[in-house]
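Please read the structure below before turning to the comments.
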């Protein structure tokens, strides 16, 4: 069975890929999540917040901004 992915927002997907590995703030319809953008997939992303992975559907995202760098 062949499946073909069709991206809803290809430019948004590409912008998210450019933020992979960086600290981000993701605002969803249910609240915000701040952490490291661990994975970007066509229909969801994974934000690691203090070692806890949050899987967020792209359809639930309102906006994403790069977060401040964490002090080392």
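Residue numbers (my numbering): 1431 to 1502. Virtual Cβ for every residue (Gly too), placed ideally from N, Cα, C.
* **Under the three-state DSSP convention, the category residue 1483 falls into** => The sequence position of residue 1483 within the chain shown is 53, counting from 1. Strand at residue 1483.
* To do: Identify, in the order they occur along the chain, each residue of the same chain with its Cβ nearer than 8 Å to the Cβ of residue 1438, setting aside the five sequence neighbours on each side.
  => Sequence index remark: in the chain shown, residue 1438 carries index 8 (1-based). The beta carbon of residue 1438 sits closer than 8 Å to the beta carbons of 1488, 1489 from its chain, once the five residues preceding and following it are set aside; these are given in chain order.
* Output the distance between the C-alpha atoms of residue 1458 and residue 1493, rounded to the nearest integer angstrom. => On the chain shown, residue 1458 is found 28 positions in, with the first residue counted as 1. On the chain shown, residue 1493 is found 63 positions in, with the first residue counted as 1. Whole-angstrom Cα-Cα distance: 7 Å.
* Asked: If you compare alpha carbons, which of 1480, 1463, 1485, 1456 is closest to residue 1473?
  -> By 1-based counting over the chain shown, the position of residue 1473 is 43. It is 1485.
* To do: Report the option in 1475, 1443, 1464 whose CA atom is closest to the CA atom of residue 1455.
  => Residue numbering aside, residue 1455 sits at position 25 when the chain shown is read from its first letter. The shortest CA-to-CA distance from residue 1455 to any of 1475, 1443, 1464 is the one to 1464.
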